[in-house]
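Before any comments, here is the structure.
Shown next, in the form of structure tokens:
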């Protein structure tokens, strides 16, 4: 179970890294929406960090109750 959470966390980091590199070529933070899994505290923490770094307004950061396991 812990290994699965670790894989999911690393997968999230990889996805964010890919998104970050894409957004470097994109416009300002007001043109971006950040989505995170509200069931995973690490996801929220990463989303807020990312939003702050990219100057994404807090009203464009959304948490959704998503599964924490693979289906």
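Numbering (this note's numbering), first residue to last: 5 to 75.
Just so you know, even glycine gets a beta-carbon here, dropped at the ideal spot from N, CA and C.
All of these numbers come straight from a predicted model, not from anything done at the bench.
Whole-angstrom C-beta distance between residue j and residue i, which should lie under 8 Å
| i | j | result |
| --- | --- | --- |
| residue 19 | residue 38 | Actually they do not touch by this definition, with Cβ atoms about 12 Å apart. |
| residue 74 | residue 43 | Their Cβ separation, rounded to whole angstroms, is 14 Å, which puts residue 74 and residue 43 out of contact at 8 Å. |
Where the alpha helix (DSSP H) containing residue i begins and where it ends
| i | result |
| --- | --- |
| residue 61 | Premise fails: residue 61 is in no alpha helix (DSSP H) and is neither H nor E. |
Given residue i as reference, the closest of the options once Cα atoms are compared
| i | options | result |
| --- | --- | --- |
| residue 47 | 36, 67, 57 | 67 |
Spatial distance of residue i from residue j (CA atoms)
| i | j | result |
| --- | --- | --- |
| residue 45 | residue 35 | 25 Å |
| residue 153 | residue 15 | Lying before the first or after the last residue shown, residue 153 is absent from the chain, which here runs from 5 to 75. |
| residue 21 | residue 62 | 20 Å |
| residue 57 | residue 40 | 16 Å |
Beta-carbon proximity check, residue i vs residue j, cutoff 8 Å
| i | j | result |
| --- | --- | --- |
| residue 33 | residue 60 | yes |
Opening and closing residue of the beta strand (DSSP E) in which residue i lies
| i | result |
| --- | --- |
| residue 36 | Residue 36 -> no beta strand (DSSP E), and no H or E assigned at all. |
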